[in-house]
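Quick note, the sequence shown lines up with residues -23 to -1, 1 to 270 if you use mature numbering (1 follows the signal peptide of the UniProt record, and there is no 0).
For each residue, glycine too, the CB sits at the ideal point set by N, CA and C.
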Amino acid sequence: MRVSLLQLAVVAAAGVAADFTYATHNFTYEKLWDLQNHFYQRFVYPNNIAEAANINSTIFSEDVEGRVSDTRNFVGRELNTEYIFGLFTPTDAKSVIGRPLSYDIIQFAANGNIASATTSVQFIFPTFKNASFPVVIDTWLTWNDAEQITQYDVTFRWFGYLLQTLVLGLDPTNSTNAVAQVTETLATSICSTHDTYCTGSNQQYASNAECLNFLTTKIRLGQSFELGMDTLFCRSVHEIMIKPRPDVHCPHIGVSGGGMCDDTISYRTKATENFFTNNAWVAGNLPKLNKDF
């Protein structure tokens, strides 16, 4: 059987495991375009507020599996509702996370139940003097027959450049001072949230002073790829979810990181992990590579 160069490229890029279930849900290109837009319509403010309030957004399947390039993997509808919608709603917390205001899908390809897109999302960042920037997001999504997202693989393009731009925007003439400002602002916010919501069995620090000392002297601020590691940036991300579910998220801002902010995941682990189990990333059972082609 002859294999087209396109088929070869798709199979080689996907690295599909032999035991994956291939796509059985076949949507038209136009339907997949509508589904992609429906997700982003719900993602931007203020629609994300209502979606987050649902606690278990039916945009996702119950067994949804999600991976975000600079943070961690997220499994299940409730957790994904928090991180995909709740994380980007207005908050009193001082955070590196912004608020999405509008979007424009600038690249799109789709087949079966799979869509790959590049989307420019206009964000505002209240903690950074209300700076506003387009954030370019690459997504792979799969849907089931109920038109629910079953998997997503997300990469924030040029995120390191964005983060540097935000931080230096606080003091363009002195990068050291800019980093110090960010560190103090984020740590103060986290510790204030801890004092208010992480009480009783959820308490992580003996005092506000202990919290501030740990966050400003015992861990690093973090680089752009370390929003899921033992950093201040990681704990800042998780602070936003503490108010609605302190029992789940208070450990994530504590000393141990609660299994979400630690250095247990190496680069090799990230680059070689076989995370997705719901669906192959190839629309159809394409023939395997033939070494003799």
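query                                                                                                                                                                           : result
Distance check for F210 and L9, CA to CA, integer angstroms please.                                                                                                             : 34 Å
Looking at C-alpha atoms only, which residue of E39, R134 and A257 is the closest neighbour of D47?                                                                             : R134
What are the uninterrupted segments assigned as beta strand (DSSP E) that are 3 or more residues long and contained completely in the stretch 121 to 157, given in chain order? : 126 to 133
Is it buried or exposed for A260, if we count other Cβ within 10 angstroms and need 16 for buried?                                                                              : buried
Could you say which of Q13, T249 and Q125 lies nearest to I82 if we only look at CA atoms?                                                                                      : Q13
If you run the structure through DSSP and keep just helix, strand and coil, what is S109?                                                                                       : strand
Using the C-alpha atoms, what's the distance from N33 back to N251?                                                                                                             : 26 Å
Count the other CB atoms, across all protein chains shown, that sit within 10 Å of the CB of G199; report buried if there are 16 or more and exposed otherwise.                 : buried
So R44 is in the beta strand (DSSP E); what residue range does that whole segment cover?                                                                                        : F37 to V45
Is G75 closer than 8 Å to I114 when the C-beta atoms are compared?                                                                                                              : no
Terminal residues of the continuous beta strand (DSSP E) containing Q99?                                                                                                        : I91 to F102
Quick one: Cα of I219 to Cα of Q84, how far?                                                                                                                                    : 35 Å
Hey, out of G205, S178, R212 and T173, whose CA is closest to F191's CA?                                                                                                        : R212
Do you know whose CA, among E7, V144, E203 and Q180, lies nearest I242's CA?                                                                                                    : E203
Does the distance from the C-beta atom of C238 to that of Y174 stay below 8 Å?                                                                                                  : no
Taking D40 as the reference, which of I26, N57 and A29 has the closest Cα?                                                                                                      : N57
Along the alpha helix (DSSP H) that carries P228, what are the first and last residues, could you check?                                                                        : P223 to I230
In whole angstroms, what separates the C-alpha of T170 from that of A87?                                                                                                        : 42 Å
Look at the alpha carbon of R197 and the alpha carbon of G89, and state the distance between them as a whole number of angstroms.                                               : 44 Å
Of the choices W258, P221 and T142, whose alpha-carbon is the least far from that of I26?                                                                                       : P221
DSSP beta-bridge partners for L118?                                                                                                                                             : A92 and Y129
Whole angstroms are fine: how far does the CA of F62 sit from the CA of Q181?                                                                                                   : 26 Å
Apply the 10 Å Cβ neighbour rule to K106 and answer buried if 16 or more other Cβ atoms are within range, or exposed otherwise.                                                 : exposed
Measure the alpha-carbon distance for L140 versus P149 and round it to whole angstroms.                                                                                         : 13 Å
If we ignore side chains and look at the alpha-carbon of each, how far apart do C168 and Y244 end up?                                                                           : 30 Å
Measure the Cβ-Cβ separation of W117 and S93 and say whether it is below 8 Å.                                                                                                   : yes
Ignore the nearest five residues each way along the sequence and tell me which others in S97's own chain have a CB closer than 6 Å to its CB.                                   : D81, I83, P111 and V113
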